[in-house]
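Accompanying notes for the structure given below.
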Amino acid sequence: MSKDTCFHCGLDTTYTKITFDDKSFCCNGCKTVYEIFSANDLTCYYNLQQAPGATPKDIEGKYNFLENPKIIEQLLEFNSDNTQIITLYIPHIHCSSCIWILENLSKLNSNISSSIVNFGKKTVRITFNYEGISLKNIVTLLSSIGYEPFISLDDYSIGKKEINRSLIYKLGIAGFAFGNVMFLSFPEYFQVGEFWLEQYKHLFRWLMFFFSLPVVFYSAQDYFVSAFKGLRSKILNIDVPIALGVSVLFIRSTTEIILNIGSGFFDSLTGLIFFLLLGKFFQQKTYTFLSFERDYKSYFPIGITKISDNKEESIQVYDIEKGDRLLIRNEELIPVDCILIKGHARIDYSFVTGESKTVSKQSGDKLFAGGKQLDGSIEVDVLKTVEQSYLTQLWSNDVFKKDKELAFTNITNSISKHFTITILLIAFLATIFWLFTDVSKALNVFTSVLIIACPCAIALSAPFTFGNILRILGKKKFYLKNASIIEQLAKINTIIFDKTGTITSNKETRINYEGLQLSDAEESLLKSTLRGSNHPLSRSLYNLLNEHNILTLDAYEEHLGKGIEAKYKNRNIKIGSAAFVGFSSDTAALNTAVHVSTNNRYKGKFTFYNKYRKGLSQLFNTLKKEYDLVILSGDNAGEENNLKKLLPTKTKLLFNQKPEDKLEYIKYHQTEGAKVLMIGDGLNDAGALAQSDVGIAISENVNVFSPACDAILDASKFNQLYDYIKISKSAIKIIKWSFLLSFIYNCIGLYFAITGQLAPVVAAILMPLSSISIVVFTTITTNILGRKLD
-1 MSKDTCFHCG LDTTYTKITF DDKSFCCNGC KTVYEIFSAN DLTCYYNLQQ APGATPKDIE
59 GKYNFLENPK IIEQLLEFNS DNTQIITLYI PHIHCSSCIW ILENLSKLNS NISSSIVNFG
119 KKTVRITFNY EGISLKNIVT LLSSIGYEPF ISLDDYSIGK KEINRSLIYK LGIAGFAFGN
179 VMFLSFPEYF QVGEFWLEQY KHLFRWLMFF FSLPVVFYSA QDYFVSAFKG LRSKILNIDV
239 PIALGVSVLF IRSTTEIILN IGSGFFDSLT GLIFFLLLGK FFQQKTYTFL SFERDYKSYF
299 PIGITKISDN KEESIQVYDI EKGDRLLIRN EELIPVDCIL IKGHARIDYS FVTGESKTVS
359 KQSGDKLFAG GKQLDGSIEV DVLKTVEQSY LTQLWSNDVF KKDKELAFTN ITNSISKHFT
419 ITILLIAFLA TIFWLFTDVS KALNVFTSVL IIACPCAIAL SAPFTFGNIL RILGKKKFYL
479 KNASIIEQLA KINTIIFDKT GTITSNKETR INYEGLQLSD AEESLLKSTL RGSNHPLSRS
539 LYNLLNEHNI LTLDAYEEHL GKGIEAKYKN RNIKIGSAAF VGFSSDTAAL NTAVHVSTNN
599 RYKGKFTFYN KYRKGLSQLF NTLKKEYDLV ILSGDNAGEE NNLKKLLPTK TKLLFNQKPE
659 DKLEYIKYHQ TEGAKVLMIG DGLNDAGALA QSDVGIAISE NVNVFSPACD AILDASKFNQ
719 LYDYIKISKS AIKIIKWSFL LSFIYNCIGL YFAITGQLAP VVAAILMPLS SISIVVFTTI
779 TTNILGRKLD
């Protein structure tokens, strides 16, 4: 770092002469930021990037409105039990140093428990204790270190989203200029006679120059900024050859008209930028559409129980309306902001805050979306619809996706990096060659190489392919968490299935009762206890029992993998395994059974005769040809013989597996190189789903949503699992074919460019055609794949 530039922000310090710790600063603001970082042992900020900061601004009184409780309530995403969460838009986020310092805000103030940066959206999500630090103080803190957030109440209004129209403006200006420049170029294209040459040639050329100015300095500015930041970070990103090509075209064209040796290539220049922005516009539209689908549908294909006229019905979560009465069972997530009406609420907000801490709530208290009920069932009244609550962002929370994040995008970036280095090397070597062979062609060759090898085709192939595949699979009731899951699915070699609720159908299960007759009071207590559970066996048994008045239980506890225990007045009940309820038998159970005891007296058991899902045998026989198959069940081995008849030989069957056993089994096989797909019901399988490379939760109109899963499959589409895995493999092949087509195109184009046979104007026309061809290719091929699923 030069002594004439600010150590913090890189601005000129020739006239300021402010020094501290043997370092130069452009102003006292930058010096203060450095002092803050030094005092808190955060100077690593400057090791990641040279001069990464921005000069802090004076914000005295600017954020006084953040003292108004009504405004704060509107801005916050979550506000309960001393914990508040807010996502702030920080325009200055631009490099690795920014990410590092913003994710270490807790070192600047201990009341900030976590801060997570979304680099693409330039936002930071901050969780803090509002008793120790206010929202205004957080904003002041951010501003004091040069990261002033942009806060507009319109952007945070319920139901509104920030709309950035800058791309539309840039595209409009580029399109307008491109059309006019092409019009002004026609006389020279067609060599109009002497009158044109003498009277208007110079005027038209200078008009083209002036039309190109806003295109280069406004419409194309993002490419220059991105290339500059990449180079400053010592990274050759995909925008470097684009920015270089635009610069060469503009400088060469301007030189030609100033020296009156030609008309330049302003038509190629404006056309190049127009088509680049057009591709970016369509890409942005695709992402916006996918974001909407995932927010409200793909994340919530599962249902919730609505209470209407004392009747319970399952509805889709995104059909919830304000004023609805909902039943929230034990271990269920609260899908919307609501008011507690009935029941004992003990809420775990760790899905929202990242901290495993439960809070108790009383009737009339407000409950926030994303909390998990841990003490039986409760009834709530809805305050907001799903799209207005925080739960729509749960699956995107970085707490749950740190380890499974956009793997294929990284591959694309890696390809782009090598691509950029190769193209720049070819351009410079070809130019040097022509400088010694034919100087008049050297600049032409350099310009043509950079234009013809524009990497937009590579940049567009992955998002367009994955975007269309996500949309197609969503329509087929297979909902993926994000695009990277498609690649993970394509890599799996081992598929593990849970049994109950996964390969068995809860709706068609036959149940027999053996034991002492249950009294009306005992059956009412049994039904009320089962009402609070989401386990598939509990749901099946609950639906079988006769109607009874629902009791508000005094105590409720669900023991994972064992059973349920509840108490009402002077009666208690245990429901679950034989060992859990205290029953011992000399004969081993051959079928899945749920045992019941009341007041420590064994009553009997409900035996379940499983009905396996339609197409199970055919699906397993198809999968066995390519994958290792395992049944990993917590049930006993009573169904082993039936499964051996249904499933292909050598299918591994493991019974009596506790939730932790399933997780350890997957972890062990992953260490041996297995790429595991786990398919479960989302309840006892949460740990196994999280541990697996891809975890799929089966949904059958019950609220079993879990951030541990990577995808949700509608139970009615279970027999199409192989087709969904196959389409993910095909998607990767499509992207690879796109890269190959782009490579072939570039090789052909580069041959003509290097040999001096390709004019820049022709290169600029061919470049967008390659991008369009890639988009058309990926769209058509993915749609063909979609039709095969019908």
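Under my numbering, think of the first position of the sequence shown as -1, with each following residue one higher. For glycine and all other residues, C-beta sits at the position ideal for the given N, C-alpha and C.
Residue i and residue j closer than 9 Å at C-beta
i	j	result
G602	L535	no
I493	L542	no
D679	T498	yes
Y44	S113	no
T252	G243	no
G789	K660	Any answer about residue 789 is impossible in this case: the structure gives the chain only from -1 up to 788.
I131	L139	yes
S582	A576	yes
L558	L719	no
I136	I70	no
Q689	I723	no
Burial state of residue i, where buried means 16 or more other Cβ atoms lie within 10 Å
i	result
D10	exposed
W432	buried
Q371	buried
R203	buried
L265	The amino acid occupying residue 265 in the given sequence is Asp; Leu does not appear at that position. With 16 or more other Cβ atoms within 10 Å, it is buried.
G574	buried
F148	exposed
D152	Because D152 sits at a pLDDT of 46, beneath the cut-off of 50, its placement in the model cannot be relied upon, and the point is left open.
T125	buried
P461	buried
F184	exposed
Same chain only: Cβ atoms within 6 Å of residue i, ignoring 5 sequence neighbours per side
i	result
G374	N328, G530, L551, Y554
L169	L275, F279
F578	K560, G561
R292	Bear in mind that the predicted position of R292 carries a pLDDT of just 37, short of 50, making it unreliable; the figure below should be weighed with that in mind. The answer is none, since no qualifying residue turns up.
Y145	I88, H90
N258	none
Contact set for residue i: own chain, Cβ-Cβ below 8 Å, skip 5 residues either direction
i	result
F248	S210, V214, L267
S36	D19
T30	P54, S142
I318	I302, K304, L324, P333, V334, V380, T383, V384
E33	F18
R798	The requested residue 798 is not part of the displayed model; the chain covers only -1 to 788.
N80	N127, Y128, E129
Own chain residues within Cβ distance below 7 Å of residue i, not counting five before or after
i	result
P299	For P299, the predicted model reports a pLDDT of 36, less than 50, meaning its position is unreliable and no value from the coordinates is stated.
L40	I99, N102, K105
A172	V213, S217, T268, I271, F272, L275
Residue i Cβ short of 8 Å to the ligand NAP heavy atom set
i	result
E545	No copy of the ligand NAP appears in this structure; indeed no ligand is present at all.
Between the CA atoms of residue j and residue i - distance to the nearest angstrom
i	j	result
G693	E310	30 Å
C7	G51	5 Å
I732	V773	11 Å
V122	N62	21 Å
L422	L448	8 Å
I629	N654	11 Å
F444	T463	32 Å
L427	T753	12 Å
N634	F606	12 Å
N532	L523	17 Å
C336	L549	22 Å
C42	Q48	11 Å
S438	F750	16 Å
A695	A684	9 Å
E254	H200	11 Å
E789	C745	Only positions -1 to 788 of the chain appear in this structure, which leaves residue 789 out of reach.
I571	R785	52 Å
E658	L621	26 Å
L614	K648	16 Å
G362	K340	9 Å
K15	N26	11 Å
Cβ contact (3+ pairs, closer than 8 Å) linking the segment 596 to 608 and the segment 475 to 489: Fewer than three Cβ pairs drawn from the segment 596 to 608 and the segment 475 to 489 lie within less than 8 Å of each other, which leaves the two stretches out of contact.
Segment contact flag, the segment 668 to 677 with the segment 631 to 645, C-beta cutoff 8 Å, min 3 pairs: Not touching, per the Cβ criterion.
The segment 553 to 569 contacting the segment 325 to 344, beta-carbon criterion three pairs below 8 Å: Touching, per the Cβ criterion.
Three or more C-beta pairs below 8 Å linking the segment 71 to 80 and the segment 358 to 376: Pairwise C-beta distances place the segment 71 to 80 in contact with the segment 358 to 376, as three or more of them are shorter than 8 Å.
Any 3 or more C-beta pairs closer than 8 Å across the segment 716 to 736 and the segment 460 to 467: Counting Cβ pairs under 8 Å, three or more are found: they touch.
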